[in-house]
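K.L.:
What follows is a single structure, and I will ask about it in a moment.
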Amino acid sequence: MTLSFKRALQALLLGAALPLATLAHAEWPTDNIRLVVPYAPGGTTDILSRKVADMLQKELGTVVVENRPGAGSTMATAQLARGGRGADHTIVMASPGHTIGPMIYKSLPYDPVKDFRFIRNVIEIPNVMVVPADSPYDSVGEFIEAAKNKEMTFSSAGVGSSIHMSGELFKTLTGTNMTHVPFRGSGEALPALLSGDVDVSFENLPTVLPHIQSGKLKALAVTSKEASPFLPGVEPISTIAADQGLGDFATTAWFGVIADDSMPDEAVQKLQAALDKIVADPQFLTFIEQFGGEPAEQAGDAFRQYVADDVQRWSRVAGAAQLD
Amino acid sequence: MEGMQEVLALFLSVDNFVAIGVGVLIGVVVGAIPGLTATMAVALALPFTFSLEPITAILLLVGIYKGGMYGGSITAILIHTPGSPASACTLLDGYPLTQQGKAGKALQMALYSSCIADLLSNLALILFASYLAKIALNFGPPEFFWLICFSLTIIVSVAGDSAIKGLIAASLGVIVSCIGMDMVYGSQRLTFDNFNLMDRVAFIPLLIGLFAVPEVIDFYLKKAAPHVRASNTGKGLTGGELKRSLKTIVRGSLIGVIIGAIPGTGATAASFISYSDAKRRSPNRANFGKGELDGVAAAESGNNGVAGATLIPLLSLGIPGDVITAIILGAFMIHGLTPGPVLFQENLTLVYALFCGIMLSSAVLLVVGRGVIRYFSLVADIPKEILLPIVLMFCVYGSFAVNNSLFDVGLMLLFGVVGYLFNRTGFATAPFLLGFILGPMFEDNLRRTLLIGHGDPMIFFRGPITWLFIVLTVLSLFFALRRYWLDRRQAAA
């Protein structure tokens with residue numbers, strides 16, 4: 007009797023502990039995954055994120071997309087870095103705003119490299135150095151020569167955009183005198199470039215590609231290290247203007263998934279595996295082609311290093327450009 | 015003839031008709047809910063269009079856009095809460111009409127003027143796209159600068175009883191618009207190191223706070239007598255009333271078309287310019303702002319006139335004129351289409367089928383609008399003690415939803431108090447709003463002009479468009495001052 011009572015107690019205790027045991031071994035994700043888009047609905051980051059979420063859903067269960075725009079994407083990352091409840095199921099689609107933001111918005115409550123887990127870079131889009139069709143300059147060399155004697159203007163989608171920073175980098179490396187003319191978004195900036203109100207721009211490829219194809223803009227070079235398959239015959243700046251001090255010139259817009267540093271290893275690995283699969287999917291490749299984008303490769307530490315390099319580059323440029 | 019058949023074959027599909035109908039309906043309903051804008055609805059609908067045929071996808075988005083542009087007027091008229099920024103001007107006369115028990119007339123006037131303007135705007139898109147696109151391309155920073163100067167002169171016409179108070183309100187609006195990052199240097203202005211202010215003050219919370227919340231505060235402070243009128247909707251619009259406003263609607267549509275064709279100005283400015291123009295011409299000038307049907311017609315035709323025209327720079331140049339068209343551009347690209355001259359060369363059939371759909375959307379707007387206002391107008395009859403808490407709930411939700419930010423809810427409440435104080439002290443809120451919208455545009459274009467001109471002020475006078483707007487600005491100021499002076503003399507006598 008005593009024995010059976012003991013047994014029964016044991017069984018009862020075991021039974022009580024069972025849910026705890028399953029909880030301990032419950033596989034991530036135990037909840038919906040939240041993919042935060044740090045920009046307003048409708049932009050490239052948003053469209054891309056929704057596609058990624060859609061495909062991620064098939065791998066890992068429900069993914070909810072949430073837009074949290076503000077202060078050039080830093081609002082969303084600041085919230086992510088705060089951690090806390092739900093941080094182990096929250097990911098952010100980061101982009102150059104993540105590395106440029108700290109130069110523009112002082113006193114950010116986080117370190118863009120140390121405070122996050124870098125899951126995987128997903129897509130890279132080059133910028134293109136473009137001039138109006140009737141511009142007298144047909145090559146990067148000619149442009150630099152002219153810019154040494156004449157003050158040029160370059161347009162951008164706003165202070166701190168990758169377009170602006172590419173222009174500042176060009177200016178710093180070539181020692182030319184160029185004035186930055188900021189607009190609010192590429193939509194506003196384009197007419198000024200097409201009509202020749204500004205001399206040059208380092209626009210994102212998808213924005214200017216149709217205008218290059220229709221002959222309204224001349225592409226002088228791409229800003230990535232390699233030529234883009236979407237612009238055959240247009241060489242990277244670092245190749246064609248290496249003698250003019252632009253051998254190190256490389257800027258690309260990138261979009262990658264990051265998380266708070268409290269995210270468990272298991273989650274990071276699962277996300278990485280799922281993203282690897284997505285990036286290799288032909289359907290996804292066709293999709294990103296519309297943006298002139300190419301699949302990125304960096305994951306984990308390589309991605310962290312990629313971001314760290316980006317931060318370093320922009321902080322040098324911001325220093326030279328005396329951005330507040 | 016063969017081309018025509020191809021166009022019809024592409025256009026005449028059930029999917030397209032459903033897309034337009036559903037799009038317009040979503041747009042009208044979302045547009046009518048404060049804080050939920052057509053922009054948001056278009057962006058959220060985008061992923062659902064990935065699997066649709068290109069033309070169906072784009073017609074769905076265009077339908078939402080057009081519906082949203084009109085939908086904002088419903089709550090502006092009924093509960094003094096602009097559903098979207100562009101309908102802020104509609105409430106100036108729309109809400110007083112509701113208070114007079116003429117909500118039905120105001121709602122119908124808003125609907126008919128929206129549909130007529132939408133139709134005219136579509137026609138402009140189809141017939142004159144290439145000409146208007148050329149004008150758009152000639153609109154550089156100096157031209158913009160003078161256009162904004164001209165727009166600023168309309169503050170006088172929405173200033174209420176005192177021009178001086180109007181100017182003070184507008185200046186306060188400009189000051190609030192300065193909060194955030196400096197456009198050229200990236201430095202922080204008036205942010206007091208508050209992270210939430212570093213971008214700029216969000217527009218939707220300000221809009222909702224300024225117009226909707228004061229009504230709520232006012233009601234509870236005054237403890238006004240509960241609603242007794244049996245119906246606030248009143249009679250519908252008569253043919254005569256619509257006919258009287260027809261000229262205003264056509265003029266408003268044209269203003270909308272021109273503003274819409276120029277990227278970056280927007281429907282809000284168009285509605286105020288149209289309103290100011292109508293007020294200046296009207297024999298009932300004194301009644302504007304107190305419940306003038308012509309005022310509703312002017313505001314709504316101004317903002318809906320923009321709807322078709324913003325597609326002009328998008329389709330003919332590949333340049334999105336506002337956020338919504340930027341999203342529609344994204345939709346084109348996802349389907350492997352590139353708006354711009356190339357589209358007309360390579361996909362002419364699709365372009366014309368699209369035009370058919372866009373024309374149809376105006377008619378659908380009329381049908382959907384008539385159905386929707388029948389139900390929405392019941393709102394006017396809900397007793398205020400029940401309605402206002404619901405309005406306040408939408409205010410909180412709407413201002414939160416824009417950025418998912420509680421700070422914005424606080425901002426909305428703060429501007430609610432500001433709006434209430436404005437009303438109590440005889441300051442009009444519309445000039446504050448205009449200052450807030452036009453202030454940054456003025457500053458941006460002034461600085462851009464000087465940057466591209468390397469500091470030479472002669473660039474401000476560089477061509478016929480700049481001179482046109484200089485002359486318009488001077489004339490507008492002259493007439494406004496003359497009227498102000500005449501009115502004062504009349505009052506003194």
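Just so you know, the sequences run in chain order A and B. Quick note on the numbering used here: the first sequence kicks off at 7 and runs consecutively. Quick note on the numbering used here: the second sequence kicks off at 15 and runs consecutively. In this text, a Cβ means the ideal position worked out from N, Cα and C, and glycines have one as well.
(1) So is A:His217 in contact with chain B if we call contact Cβ pairs under 8 Å?
(2) In the DSSP assignment, find the unbroken alpha helix (DSSP H) run with B:Glu399 in it and report its ends.
(3) Check the Cβ of B:Arg462 against every Cβ in chain A and list those closer than 7 Å, keeping chain order.
(4) Among B:Val56, B:Ala216, B:Asn318 and B:Trp481, which has the Cα closest to the Cα of B:Gly510?
(5) Counting contacts by CB-CB distance shorter than 8 Å, is A:Gln296 in contact with chain B?
(6) Of the residues B:Phe225, B:Pro99, B:Val190 and B:Leu221, which one's Cα is nearest the Cα of B:Leu402?
(7) Taking a Cβ distance cut-off of 9 Å, strictly less, list which residues of the segment 415 to 430 of chain B are near chain A, in chain order.
(8) Which residue's Cα is closest to the Cα of A:Val134: A:Val228, A:Arg13 and A:Phe290?
(9) Out of curiosity, what's the CA-to-CA distance linking A:Pro47 and A:Phe149?
(10) Using a C-beta cutoff of 8 Å, does A:Ser321 count as contacting chain B?
(11) What three-state label does DSSP hand A:Pro301 in the structure shown?
(12) Would you mind stating whether B:Leu512 and B:Gly37 have Cβ atoms separated by less than 8 Å?
(13) List the residues of chain A whose Cβ lies closer than 9 Å to the Cβ of B:Ala340, in chain order.
(14) For A:Glu72 and chain B, any beta-carbon pair shorter than 8 Å?
(15) The beta strand (DSSP E) spanning A:Arg126 covers which residue range?
(16) When you compare the CB of A:Ala198 with every CB in chain B, is at least one pair closer than 8 Å?
(17) Please list, in chain order, the chain A residues whose beta carbon lies closer than 7 Å to that of B:Met472.
(18) Identify the residues that DSSP records as bridge partners of A:Ile39: which are they?
(19) Between A:Asp315, A:Pro102, A:Asp144 and A:Phe309, which has its C-alpha nearest A:Arg126's C-alpha?
(20) Pull up the distance between the alpha-carbon of B:Leu211 and that of B:Glu16, whole angstroms please.
(21) Output the residue ranges of the alpha helix (DSSP H) runs that lie fully inside the segment 212 to 266 of chain A and measure 4 residues or longer, sorted by chain position.
(22) Buried or exposed for B:Gly385, please, with buried defined as at least 16 other CB atoms from any protein chain shown within 10 angstroms of its CB.
(23) Establish whether the CB of B:Leu60 and some CB of chain A are separated by less than 8 Å.
(24) Would you report the Cα separation of B:Ala281 and A:Asp267, rounded to the nearest angstrom?
(25) Under DSSP, the alpha helix (DSSP H) around B:Ala90 begins and ends at which residues?
(26) Give me the Cα-Cα distance between B:Ser185 and B:Gly174, rounded to the nearest whole angstrom.
(27) Spatial neighbours of B:Leu486 within its chain, please: C-beta separation below 6 Å, excluding the five flanking residues on both sides.
(28) Leaving out five residues on either side along the sequence, give the residues of the same chain with a beta carbon under 6 Å from the beta carbon of B:Gly316.
(29) Please classify A:Thr68 as buried or exposed, where buried requires at least 16 other C-beta atoms within 10 Å of its C-beta.
(30) I'd like to check one pair, B:Ile276 with B:Phe153: are the Cβ atoms closer than 8 Å?
(31) Three-state secondary structure (DSSP) at B:Ser296?
(32) Apart from the five residues on each side of it in sequence, which residues of its chain come closer than 7 Å, Cβ to Cβ, to B:Leu406?
(33) Once you ignore the five residues that flank B:Ser101 on each side, which residues in its own chain have a CB closer than 6 Å to its CB?
(34) Between B:Ile69 and B:Asn30, is the Cβ-Cβ spacing less than 8 Å?
(35) Among B:Tyr498, B:Thr463, B:Leu325 and B:Ala300, which residue has its Cα nearest to the Cα of B:Ala138?
(36) Have a look at the DSSP bridge pairing and note the partners of A:His186.
P.N.:
Looking at the coordinates:
(1) Against the first sequence, residue 217 of chain A aligns to sequence position 211. True, the Cβ-Cβ gap to chain B drops below 8 Å.
(2) Locating residue 399 of chain B in the second sequence gives position 385, counting from the first residue. Segment Lys398 to Asn417, the alpha helix (DSSP H) holding B:Glu399.
(3) For the purposes of this step, residue 462 of chain B is taken as the residue at position 448 of the second sequence. Contact note: B:Arg462 reaches chain A through Val187, using a C-beta cutoff of 7 Å and chain order.
(4) The displayed coordinates of chain B run from 15 to 507. Any statement about residue 510 of chain B would go beyond what the structure contains.
(5) Walking along the first sequence from the start, residue 296 of chain A turns up at place 290. Interface residue, yes.
(6) As a first step, residue 402 of chain B must be located in the second sequence, where it is residue number 388. Of B:Phe225, B:Pro99, B:Val190 and B:Leu221, the residue nearest in Cα terms is B:Phe225.
(7) Under the 9 Å Cβ criterion, the segment 415 to 430 of chain B contributes Val416, Asn417, Asn418 and Ser419.
(8) Reading the first sequence from its first residue, position 128 is the one you call residue 134 of chain A. Closest option to A:Val134, Cα to Cα, is A:Val228.
(9) Here residue 47 of chain A refers to the residue found at position 41 of the first sequence. Here residue 149 of chain A refers to the residue found at position 143 of the first sequence. For A:Pro47 and A:Phe149, the distance between alpha carbons rounds to 37 Å.
(10) To locate residue 321 of chain A, count along the first sequence from 1; it is residue 315. Cβ-Cβ to chain B under 8 Å: no for A:Ser321.
(11) Against the first sequence, residue 301 of chain A aligns to sequence position 295. Strand, per DSSP.
(12) Not covered by the structure: residue 512 of chain B. The range shown for chain B is 15 to 507.
(13) Position 326 of the second sequence, counted from the first residue, corresponds to residue 340 of chain B. Within chain A, the residues near B:Ala340 are Gly48, Gly49, Gly191, Ser192 and Gly193.
(14) In the first sequence, the residue the question calls residue 72 of chain A occupies position 66. The beta carbon of A:Glu72 falls within 8 Å of a beta carbon belonging to chain B, placing the residue at that interface.
(15) Working through the first sequence from its first residue, we reach residue 126 of chain A at position 120. Run containing A:Arg126: Phe122 to Pro138, per the beta strand (DSSP E) assignment.
(16) For the purposes of this step, residue 198 of chain A is taken as residue 192 along the first sequence, with counting starting at 1. Closer than 8 Å to some Cβ of chain B, the Cβ of A:Ala198 qualifies, so yes.
(17) What you label residue 472 of chain B is simply residue 458 of the second sequence in a count that begins at 1. Ordered by position in chain A, no residue passes the 7 Å Cβ test against B:Met472, which lies about 15 Å from the chain.
(18) Counted from its first residue, the first sequence places residue 39 of chain A at position 33. The partner list for A:Ile39 (beta bridge, DSSP) reads A:Val69.
(19) Translated into the one-based positions of the first sequence, residue 126 of chain A becomes position 120. For the residues A:Asp315, A:Pro102, A:Asp144 and A:Phe309, the minimum Cα distance to A:Arg126 belongs to A:Phe309.
(20) Taking the second sequence and counting its residues from 1, one reaches residue 211 of chain B at position 197. Taking the second sequence and counting its residues from 1, one reaches residue 16 of chain B at position 2. Going from the Cα of B:Leu211 to the Cα of B:Glu16 covers about 58 Å.
(21) Runs found: 243 to 246.
(22) Within the second sequence, numbered from 1, the residue matching residue 385 of chain B stands at position 371. By the neighbour-count rule (16 or more Cβ atoms within 10 Å), B:Gly385 is not buried but exposed.
(23) Within the second sequence, numbered from 1, the residue matching residue 60 of chain B stands at position 46. It does: the Cβ of B:Leu60 has a partner Cβ on chain A nearer than 8 Å.
(24) What you label residue 281 of chain B is simply residue 267 of the second sequence in a count that begins at 1. What you label residue 267 of chain A is simply residue 261 of the first sequence in a count that begins at 1. The alpha-carbon separation between B:Ala281 and A:Asp267 amounts to approximately 44 Å.
(25) In the second sequence, the residue the question calls residue 90 of chain B occupies position 76. For B:Ala90, the uninterrupted alpha helix (DSSP H) run begins and ends at Pro68 to Ile93, by DSSP.
(26) Stepping through the second sequence from its first residue, residue 185 of chain B is reached at position 171. Stepping through the second sequence from its first residue, residue 174 of chain B is reached at position 160. Cα-Cα distance, rounded: 15 Å.
(27) By 1-based counting over the second sequence, the position of residue 486 of chain B is 472. Only Phe164 meet the Cβ criterion.
(28) Taking the first residue of the second sequence as 1, we reach residue 316 of chain B at position 302. Same-chain partners within the cutoff: Gly266, Ile269, Gly270, Ala284, Ser285 and Ser288.
(29) Reading the first sequence from its first residue, position 62 is the one you call residue 68 of chain A. With fewer than 16 Cβ atoms within 10 Å of its Cβ, A:Thr68 is classed as exposed.
(30) In the second sequence, the residue the question calls residue 153 of chain B occupies position 139. In the second sequence, the residue the question calls residue 276 of chain B occupies position 262. Taking 8 Å as the Cβ cut-off, B:Phe153 and B:Ile276 qualify as a contacting pair.
(31) Taking the second sequence and counting its residues from 1, one reaches residue 296 of chain B at position 282. When DSSP states are grouped into helix, strand and coil, B:Ser296 belongs to the coil group.
(32) In the second sequence, counting from the first residue as 1, residue 406 of chain B sits at position 392. Once the five neighbours on either side are set aside, the close Cβ partners of B:Leu406 are Val230.
(33) Start at 1 with the first residue of the second sequence, and residue 101 of chain B comes out as number 87. For B:Ser101, where only same-chain residues beyond five positions count, the Cβ hits under 6 Å are Gly86, Ser87 and Ala90.
(34) Position 55 of the second sequence, counting from 1, holds the residue named residue 69 of chain B. Position 16 of the second sequence, counting from 1, holds the residue named residue 30 of chain B. Contact: yes.
(35) Residue mapping note: residue 138 of chain B aligns to position 124 of the second sequence, counting from 1. It is B:Leu325 whose Cα lies nearest to the Cα of B:Ala138.
(36) Counted from its first residue, the first sequence places residue 186 of chain A at position 180. Within the DSSP secondary-structure output, A:His186 pairs in a beta bridge with A:Phe160.
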